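Notes for the one structure printed next.
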Amino acid sequence: MADKEATVYIVDLGSSMGECHNGRVESDLDWSMRYIWDKICTTVAASRKTWLVGVLGLRTDNTSNPLQENDGYENISVLQEIGPMTMTSLKELQGSIKASESMSGDAISAIIVATDMIGKAAPKRLKFKRRIILVTDAQGPIDSDDFDDISNQINDLGIELIIIGVDFDDPDYGFKEEDKPSIKANNEKLLQSLVDKCENGVFGTIAQAVEELEMPRVKPVKPYKTYDGPLTLGDPSLYESAISINVERYFKTKQARPVAASTVVVKSETDGGPSQSTQTLDDMDGIEATGGNFAAVKNARTYRVNDPDAPGGKKDVEFESLAKGYEYGRTAVHISESEYNITKLETVKDFSIIGFIPMDKYEPVINMGEACVIMARKFSEKDELTLSALIHTLYEVESYAVARFVAKDTKEPQLLLLMPSIEPDFECLYDVPLPFAEDVRTYQFPPLDKVITITGGVLTKHRLLPTDDLSQAMSDYVDAMDISTLGTDDEGNPAEYAAIDDTYSPIIHRVNQAIRFRAVHSDEPFEAPTGGVLMRYAQPSQDLIKKAKSEIDALIEAADVKKVPPKAKGKRAREANKPMSGLDVDALLGQNKRTKISADNAIPEFKQALNSSEDVKQIEEAAKQMGEVIRSIIASSTGDSGYDRALENLGVMRGELIALEEPGLYNSFLEDLKEKVRDEKLGGDRKLLWWKLGKSGLGLVTDRESDISTVTQTAAEEFQRLSKK
Amino acid sequence: MGDRGHEYRRDEDEDEADEEMDESDFKSQKDAVIFAIDVSKSMLKPPPASDSKKADKDSAVAASLKCAYQIMQQRIISQPKDMMGILFFGTEKSKFRDEANGRGGSGYPHCYLFADLDVPAAEDVKALKDLVEEGEDPDEVLTPASGSEGVAMANVLFCANQIFTTNAPNFGSRRLFIITDNDDPHHGDKTARSAAAVRAKDLYDLGVVIELFPISREGDKFDLSKFYDDIIYRDPAADGGNAEEIKSSKSGDGLTLLTSLISNINSKQTPKRAYFSNLPMELAPGMTISVNGYILLHSQKPARTCYIWLDGEKPQLATGETTRVDADSTRAVDKSEVKKAYKFGGEYVYFSPEEQKTLKDWGGKGLRIIGFKPRSMLPSWASVKKSFFIFPSEADYVGSTRVFSALWQKLLKSEKMAIAWLVSRTNANPLLVAVLPTKAQTDDESGTPFLPAGLWLYPLPFADDLREIDRKETIKCSNELIDRMRPIVQNLQLPKAMYNPAKYPNPALQWHYKILQALALEEEVPEHPEDATKPKYKAINNRVGGYMVEFKEKVEEEAGGLQKSRATKRELEDDDDDARPAKKSKAAAGSKGKADGANGGGSSNAQLKKAVEQQTLSKMKVNELKDILGAKGLSTAGKKADLVERLEQWVEENV
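Quick note, the sequences are listed as chains A and B, same order. With full-length UniProt numbering, letter number 694 in the first sequence gets 694, and the count goes up by one each step, no holes. With full-length UniProt numbering, letter number 392 in the second sequence gets 392, and the count goes up by one each step, no holes.
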């Protein structure tokens, strides 16, 4: 709608721009282009047809612009006509951004050309946001004769003029270039004076512009109305006493998501085989210069049902022969088209208060997500007054309201908590969704402030409970690490640290950065920055840590926490091997020793055999028997029916042998199993089992998992391939 | 293909769909529960007769069955992929799988497998329902063994072992719920006790957890040490080594045996599954403990529709398999060919797998406190998604529990919250969270007695998640109005002055499954849904009707005055406010229409009429049209042409 934009970038391509200055290893042009590319990429990413972009080259070797007939317009070239920006035009543009051999070309003339371009593409009568952005090192000659005319024109069209210079002096930002060439110093003054004449002008130095690129830009979203209608207390259709307030409800928070990645595949050129196209893709590191080489991937679904007579126990069915329904447990319940809505609760649009609760009896941790804001309908005094009375009363008696909410007819009811908010000149209710009975999972957890023994005794002193020293140290530490005034506001006064307005979603902005980077640098690898704005709150502030050092040290000492070495973890679990009575069941077992691992109780018997083993021989024997059990499960499986059981046994065997530091036994079993699968010696085609085995992480034990293993990760991955020897 | 584990995770939390499973987790995240119910004379004995309405009417077996029936229905709703089975023991008859009824020589004498372990089907629900509600027991299953020799617990345990081994292979959670009133099944028989202990060890090694639900009778204490201490195992590393209590169910104290049993079993209903385990929690450099994270709140939705094949003997669920095809050439695409790319300016940009990885690299998973703030600095609207519950784990850092406890106590006492950086799992996106404590359940002040005491990770919105709101200056009501509203709010408190979700089942979800159940069991479809979320209108009217009437009178009075003063102000503004013309004056015209309309006709209705005659209504903005329509109590839905037409019609009829 209103946000149409027309922007012309003027890029100074003079030969001086190709040089590096002031200790930088990047040419002035590349440095400046960081800013320009970022701006242009943002436009491309938005893919808006109404955002127009034009690019002018200043101090180019050639001349090609609409005003070139006139004097003083030499060495200015239109690199891109004003129009919507696409990936293809971005690629083309990239080719033409190079420092020239030229030193001449007047920046002011370029601004006139740009103004002319905008005037044509976005005539005054249309509503546009117009902008000219000039980036230059101000080393070229500038004719300052008709600044008044130019600025009048710019102002008349409502153009914002932004001039950003390489190493321009900027006292506000705190930059001053030493030994500035006099022509540059003079030009800077001239350009500054032009900007000053414009109603809407910005004059700055490139260092600041580049630095600000790092600041994430939040994408504005228009307010979305989620409800418009009455909020009631009582039922106005039944009781005259009922109160009804006409309200409007909008999103207050809505989780923003990163740009979604699409699933694509390289286009098959002609009807070439799939192997060919895979190759093409692997060769390339980024986007293809020619573009358009990817095709979107679609999902095609096929449907199968159980059929004991079919091979593999399943057969395909036509999609057309299927009806819709729901699962009730494992029973399929068919619902005919005409009754399709039968399971849907009939509801009518409703927003009604159920009752009130005191604020201190509500814990925010139970809310289920995004918040909305509720305001009275505009221009309606009665509604405004009633809502205001409700807000103030809730505030005063420290209560929240609980309300039933049905956004529109047939929608599912929701329960909302309504919370009053009063700011100068602005009052509203905020709401958050509440959980239903089914949404709460009751897990039991032991108390945190006492220890209950098995016999039911209550202890208040225990190794699991903090000592008085620890409690004191914790208290001091928490107080020392207070960040409620650690930040600074715009005026430099102490303010809240990590306030919501200052925190940016790391994933959203990193993905955006990466995409913009990739669009411009198709051949350079992307590396995520480890610091910067996005990671600012990944660590506590170093100053704070320094300040709180003594409290932290005291806490560490009083806590006396010990890291468990990785090796010891498995052992500790083994100690749990006794029932609550402490009865030594292994001793009972010892009396009638199980010598053979039976198929129907394989896992316990395997574990017990290993537990009672005294030498490697016995372990080998147990592993051998377990292997036999597994093979027979696979061989006798109808279709994939026995696979889960086989995998469970494999998992136990693998885990136990790793714990006993005998990974070789598992690995050699697996090598044998692979051969038998490959040669179809286990009752037919068992490829699916092999695939599942690999997917479940039950392949060869690698040297990462066990010090004793000599199998590398790569070798283990290679081993999973069935086809090759 | 068959990749159920991932499927389940997606159910858990759609946002984290593309997260990887926890390392080395090769088991499917499913739960299987067998209810083993002791059928003995004492379990079948009806409670003593009583005149009291609240008195127990159920025998222990009946209560157990009712409980199982209720839980089976609940599980179909909330854990549709999980399995359940019912095994009676101590019965005269024996049955296992397809063995014929009562025939001797069953592998497990006096064990009767009533419902085999599986995802419950409609028939299972029906059979259980008949047994529970109708008392129909045509096969005389619920008859205790007559002979002197009862059931061997070793057999019960091994029977369960076999059911789990074959029906629920590779399940992440397998549990045997034993309901009995007999604390000493093998009194004096040491061999039988030892045999049971060995079979219990088998179950333990198989990874099956035994949950005992003892029923204590007439004041007798259920003595675990007589038998069950040899059967039950507890993992000392779980929950920081603090043992969980085994609670006996009993009748009395105003509770029936059934409610007591249901509350005990409900607390074990869902297997305690950690969303993340042993996550390092860094309080400061050099001060790390480990915590487990749990999802205690999860929005339950009706399952999606599925496709059903009707051409067979029985309707059958058709399972879909997805093959990927190239959208251009429609040739099938192999998984290895598929790449992730981003759309950019009408084309795709692509990142290598290594680059994809760096995009998701946030310096490893963990929870790191960056400082503390007063709790009051958490705005009430700062909410984007549900919170995680965390609890200490001693597995990686010994001493985690006491440090965690000290932090919990301090945050409660000083009303503070921690602000922390959270990467909950490998591949998870970072979040900033507020770490908030909940009070102990026994604490009278606790706002969540239905939830455990501990710390919560409350996700904070980022600046990106905030929506602009149109902050129009609002008017403040008078103090008199507040005085009149106050008794209304004060007299309509929810029971116990708190929000207890247990009182509000989700009406849409319940209705969905109620209808499905009726269809599946071929029963009559109920006519009226129960909806506990509907306000109690009658009670509201009775309690505060009078106050509300008085309040509304006062509002009318104040609104009238306000309209006049506003109208004057607006006219003044209209006269000298040329800087921002069109929109404002037109909107004002709309509202004037409303204000005057309320007073029974006037100039602005005349204006509207004029606009209709001159056909200039369509020049107004959609928002303005909607404001006027809304103020007249008309629908604001539809396209602009509809709005104009609706308003024209209104003007023609009313002006």
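Backbone N, C-alpha and C fix where the C-beta goes; we use that ideal spot for every residue, glycine too. Quick caveat: nothing in here was measured; it's all calculated off a predicted structure.
Separation of residue j from residue i, as counted between CA atoms
i                      : j      : result
A:R516                 : A:E628 : 57 Å
B:R193                 : B:S225 : 12 Å
A:E671                 : B:A145 : 52 Å
A:S64                  : A:N70  : 12 Å
B:E557                 : B:L492 : 25 Å
B:D596                 : B:Q649 : Only weak support is given to the placement of B:D596: the predicted model assigns it a pLDDT of 37, under 50, and the value that follows is read from those uncertain coordinates. In a straight line, the C-alpha of B:D596 is about 19 Å away from that of B:Q649.
residue 767 of chain A : A:S89  : Because chain A is modelled from 1 through 725, residue 767 of chain A falls outside the range shown and cannot be assessed.
A:N611                 : A:D640 : 32 Å
B:A55                  : B:S216 : 17 Å
A:L58                  : A:I150 : 18 Å
A:G95                  : A:Q80  : 12 Å
A:E524                 : B:D334 : 28 Å
B:E480                 : B:I469 : 29 Å
A:S421                 : A:E496 : 20 Å
A:L231                 : A:S484 : 37 Å
A:V333                 : B:A532 : 27 Å
Short Cβ contact (8 Å threshold) for residue i with residue j
i                      : j      : result
A:A46                  : A:A121 : no
A:K408                 : B:D627 : no
A:S15                  : A:S102 : yes
residue 665 of chain B : A:V511 : In the structure as shown, chain B starts at 1 and stops at 655, and residue 665 of chain B therefore has no counterpart that could be examined.
B:F462                 : B:N500 : no
B:R368                 : B:M417 : no
A:P84                  : A:D116 : no
B:L436                 : B:W456 : yes
A:L555                 : A:Y477 : yes
A:L157                 : A:K124 : yes
A:I597                 : A:Q625 : yes
B:A168                 : B:A195 : no
A:M33                  : B:G345 : no
When the options are compared against residue i, the one with the closest alpha-carbon
i      : options                        : result
B:Q510 : B:Q29, B:D230, B:Q73           : B:Q73
A:S632 : A:V247, A:E74, A:I154, A:K681  : A:K681
A:Y224 : A:K695, A:L660, A:F251, A:P466 : A:F251
A:R301 : A:K617, A:P308, A:L322         : A:L322
A:T331 : B:Q517, B:L634, B:N167, B:R566 : B:Q517
A:I133 : A:A548, A:I159, A:D703, A:V451 : A:I159
A:E662 : A:G694, A:T638, A:L700, A:E648 : A:L700
Expected contact under 8 Å - CB spacing of residue i and residue j to nearest Å
i      : j      : result
A:T410 : A:K344 : 7 Å
A:Q539 : B:I370 : 7 Å
A:A114 : A:I10  : 6 Å
B:A382 : A:I500 : 6 Å
B:E130 : B:T256 : Checking the sequence, you will find Asp at residue 130 of chain B rather than Glu. So it is not a contact: roughly 22 Å between Cβ atoms.
B:L128 : B:L65  : 7 Å
Whole beta strand (DSSP E) runs in the UniProt domain "Ku" (314-451) of chain A with 3 or more residues, listed along the chain? 314-317, 322-328, 331-334, 350-358, 372-376, 399-406, 414-423, 426-433
What alpha helix (DSSP H) runs, 4 residues minimum, are completely inside the stretch 526-553 of chain A? 542-547
Uninterrupted alpha helix (DSSP H) stretches inside the stretch 306-370 of chain B (no shorter than 4 residues): 353-359
Uninterrupted beta strand (DSSP E) stretches inside the stretch 69-117 of chain B (no shorter than 3 residues): 83-89
Considering only residues of the stretch 523-566 of chain B, which uninterrupted beta strand (DSSP E) runs meet the minimum length of 3 residues and lie entirely inside it, listed in chain order? none
Report the residue ranges of all alpha helix (DSSP H) runs contained in full by the stretch 589-667 of chain A; include only those spanning at least 4 residues, in chain order. 602-612, 616-635, 643-659
Length at least 4, wholly inside the stretch 677-724 of chain A: the alpha helix (DSSP H) runs in chain order: 687-695, 713-719
Entirely within the stretch 214-274 of chain A and at least 3 residues each: give me those beta strand (DSSP E) ranges in chain order. 225-233, 243-251, 262-266
Write down every uninterrupted run of the alpha helix (DSSP H) in the stretch 118-184 of chain A whose length is 4 residues or greater and which is fully enclosed by it, in chain order. 147-157
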